[in-house]
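Residue numbers (my numbering): 34 to 318. Virtual Cβ for every residue (Gly too), placed ideally from N, Cα, C. Computed from a predicted model, the values in this text were never measured in an experiment.
Shown next, in the form of structure tokens:
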């Protein structure tokens with residue numbers, strides 16, 4: 034970390050930094066753990082390119098803090114090049130009790146409604162642009178602003194083969210064969226995988242790096258199953274709070290997980306391409 038950034042941290046908080054060390058994680062810039070003179074520990078995210086991504090992350094965390102009961106780190110300072118956050122304890126391993134706690138928290142979040150699907154501004158997922166124009170139809174929003182948008186990004190980046198993109202577009206034409214309009218738009222975290230969730234024993238202590246918008250909550254539930262973040266304890270508890278319609282595990286979650294898979298294709302290519310292709314084949318494309 035440069036001395037200029039260190040001075041900016043100290044000026045923002047009004048306290049000297051006693052110690053600082055790098056942390057792993059984060060899709061934008063560099064991440065550090067810093068101990069202040071008063072022995073508080075904070076997280077500092079630094080973006081030397083100053084492309085407003087940290088400003089947007091700070092906005093999303095403040096939105097969740099103001100509008101929901103989801104535990105998120107307090108934003109201590111935010112601008113285009115520096116985001117200072119409360120340090121939350123915990124690890125990304127989840128006991129059955131922690132999974133039940135996560136189900137309670139996400140079900141509560143999903144109870145927050147909006148008049149339409151999308152959000153008041155575009156957001157980010159994995160450092161990538163996530164468009165959120167308001168829409169009255171979830172199927173239209175998901176087709177245009179998730180599958181088609183990210184498929185084109187992956188194609189234009191040279192990561193997604195043209196033939197697989199074309200097959201994806203054919204599936205997009207038939208989404209209503211498998212998906213239905215939800216009862217209402219629900220606020221979602223948007224990137225709820227193990228690396229963005231912290232637990233201490235049976236308690237969830239924090240959700241990090243949000244990618245918020247109003248959606249069908251099934252897209253969030255699907256993502257928690259993609260990389261094995263949560264299992265039976267989570268889904269059993271979520272169903273106790275509110276039903277999940279039949280066909281989710283067998284069919285719909287695979288369509289919803291095309292979106293994060295396409296994000297991973299855009300970022301990394303590799304085996305994620307075959308995962309997209311397998312899903313397309315599952316549905317006859």
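Nearest neighbour of residue 181, chosen from 204, 97, 136, 284 [CA to CA]: Residue 181 has its Cα closest to that of 204, out of 204, 97, 136, 284.
Would residue 247 and residue 152 be called neighbours here (beta carbons separated by less than 9 Å)? The Cβ atoms of residue 247 and residue 152 sit closer than 9 Å to each other.
Determine the DSSP secondary structure at residue 228, reduced to helix, strand or coil. In this structure, residue 228 counts as helix in the three-state DSSP scheme.
Cβ shell of residue 121 (< 7 Å), same chain only, five flanking positions each side left out: Within the same chain, Cβ atoms closer than 7 Å to the Cβ of residue 121 are found at 106, 231, 238, 239, the five residues on either side in sequence being excluded.
Report yes or no: do three or more beta-carbon pairs, one from the region 212-232 and one from the region 247-267, lie closer than 8 Å? Taking 8 Å as the limit for Cβ pairs, the verdict is that the region 247-267 does touch the region 212-232.
Completely contained beta strand (DSSP E) runs for the region 74-101, where each covers 3 or more residues: Counting whole runs of 3 or more residues, the region 74-101 contains the beta strand (DSSP E) stretches 74-79.
Across the region 64-71 and the region 82-90, are there enough close Cβ pairs to call them in contact, namely three or more that are closer than 8 Å? With contact defined as three or more Cβ pairs closer than 8 Å, the region 64-71 and the region 82-90 are not in contact.
Would you give the residue range spanned by the alpha helix (DSSP H) that residue 146 belongs to? Looking at the DSSP string, residue 146 is not in any alpha helix (DSSP H), and its letter there is neither H nor E.
Can you list, in chain order, the residues of its chain whose CB lies under 6 Å from that of residue 127, leaving out five sequence neighbours each side? Listed in chain order, the non-local C-beta contacts of residue 127 below 6 Å within the same chain comprise 232, local neighbours out to five positions each way being set aside.
Tell me whether residue 162 sits in a helix, a strand or coil according to DSSP, three-state version. Reduced to three states, the DSSP call for residue 162 is strand.
Is the beta carbon of residue 78 sitting closer than 9 Å to the one on residue 115? Between residue 78 and residue 115, the CB-CB gap stays under 9 Å.
In the DSSP assignment, the alpha helix (DSSP H) including residue 35 goes from what residue to what residue? It is not in any alpha helix (DSSP H) - residue 35 carries neither H nor E in the DSSP assignment.
Sequence-distant residues of the same chain with beta carbon closer than 7 Å to residue 172, five excluded per side: Scanning its chain for C-beta atoms nearer than 7 Å, with the 5 sequence neighbours on each side dropped, one finds around residue 172 the residues 208, 209, 212, 214, in chain order.
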